[in-house]
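Written out below as C-alpha cells is the structure these notes cover.
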Amino acid sequence: MSLKIDIVRCLSDNYAYIIYDTYSKNVGVVDPSEFDKINTFLEKKYNKLDFIINTHHHADHIGGNSELKKKFNSKIVAYSGDTYRINDVDIKVNNNEIFHFGKTKFKVLKIPGHTSGHISFYSSEEKVIFTGDTLFSFGCGRIFEGSYLEMFNSLKKIKSLPKDTKIYFGHEYTVNNINFCLSFDQKNIFLNKKLEEIKSNLKNNIFSTPSILEDELKGNLFLKANNPAEFKKYRELKDSF
Ligand code: ZN
Ligand code: FE
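Right under this line is the structure:
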C-alpha cells in the first residue's frame, strides 16, 4: 500500500482528492473544483503538485486546473476524447489504460452516461476508485450526454469490482440520496441506520466519502436496478426528487 488520500471540500458540495504516493512522493489532485482550497491545502502539506487528474470536463471538476498547473507546473491527465473541452491536457488516457502514479497503478475505466467522456481511476492494489459524477453514495449522476443504457452499463462495470473497494465520489449528496432510496425501500434497516450515522457524522464534519461498494450494493437503488428499464424509472424519478 503506497497511496494516501486527503479529502478537500470545494464549492458548495464538491469533493476534490489530494493523492500521495509514498514510494515516489508524487502528489496529485483528482477533480480540483477551484484553485484556492486546493492551493491552501497543498501549501500546508506538500508544497508541490505533480498531476491534475480529471474524471470529466464539467467546470466544478476542472475549475482549478489552469491556475494550479501554472503555479505548480503540474501535468494534466484526462480522457483523450475530451481534449477539445479540457485545456492543456498533457497525458491523454483511454479506456483500460494504466496511468502510473508513482508505484500506484490506476486503471482508467471509461464510464459514460453523465458525460460522454467520463472516466474513473481504479487501483486494485489500493482498492480505491474515483468515480466523479457517475456513482455517488446511494445515488448516481444525472444523465446529461449519454443514454440510460450507457449509464446502466457504466454502473455495472463498477458493480463488478471487489466488494471492499472504496468509492471516492464527486459530490456530498448522500443524505438526499438515501432519502430517495428509502422512499422505495422503507424497511431497509441498513439504510435507516446509515441515514442516522451519516447525518450525525456530517454535523461533526466527518464526510460521507469514501463509501464502500459492499454498502452501496445493499442500499443504492441505481445499483440494485436489475435492468435498464428499471434503472431509467429510478433515474427519472430522482431528477425531480
Ligand atoms: Zn459533472
Ligand atoms: Fe460535478
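Take the position in the sequence shown, starting the count at 1, then add 55; the result is the number in the working numbering.
We put the CB at the ideal spot given by N, CA and C, even for glycine.
Since this is a predicted model, take the numbers as computed values, not measurements.
Of all C-beta pairs linking the region 77 to 96 to the region 144 to 152, fewer than three are shorter than 8 angstroms, placing the two stretches out of contact. Counting C-beta pairs closer than 8 angstroms gives three or more between the region 231 to 248 and the region 186 to 198, which meets the contact rule. DSSP places His155 in the uninterrupted beta strand (DSSP E) bounded by 153 to 156. The residue among His112, Phe296, Tyr75 with its C-alpha nearest the C-alpha of Glu200 is His112. Under a 10 Å Cβ-count criterion, Lys249 is classified as buried, with 16 or more other Cβ atoms of the shown protein chains found around its own Cβ.
The beta carbons of Val132 and Ile146 sit closer together than 9 angstroms. Gly187: member of the beta strand (DSSP E) spanning 183 to 187, first to last residue. Secondary structure at Lys130: strand, using DSSP grouped into helix, strand and coil. The region 254 to 270 makes no contact with the region 87 to 101; the number of CB pairs closer than 8 angstroms stays below 3.
When the Cα atoms are used, Lys273 and Phe296 turn out to be separated by approximately 21 angstroms. Asp240 and Ser266 have their alpha carbons spaced roughly 20 angstroms apart. The continuous beta strand (DSSP E) containing Tyr223 extends over residues 221 to 224.
According to DSSP, Asn81 shares a beta bridge with Asp76.
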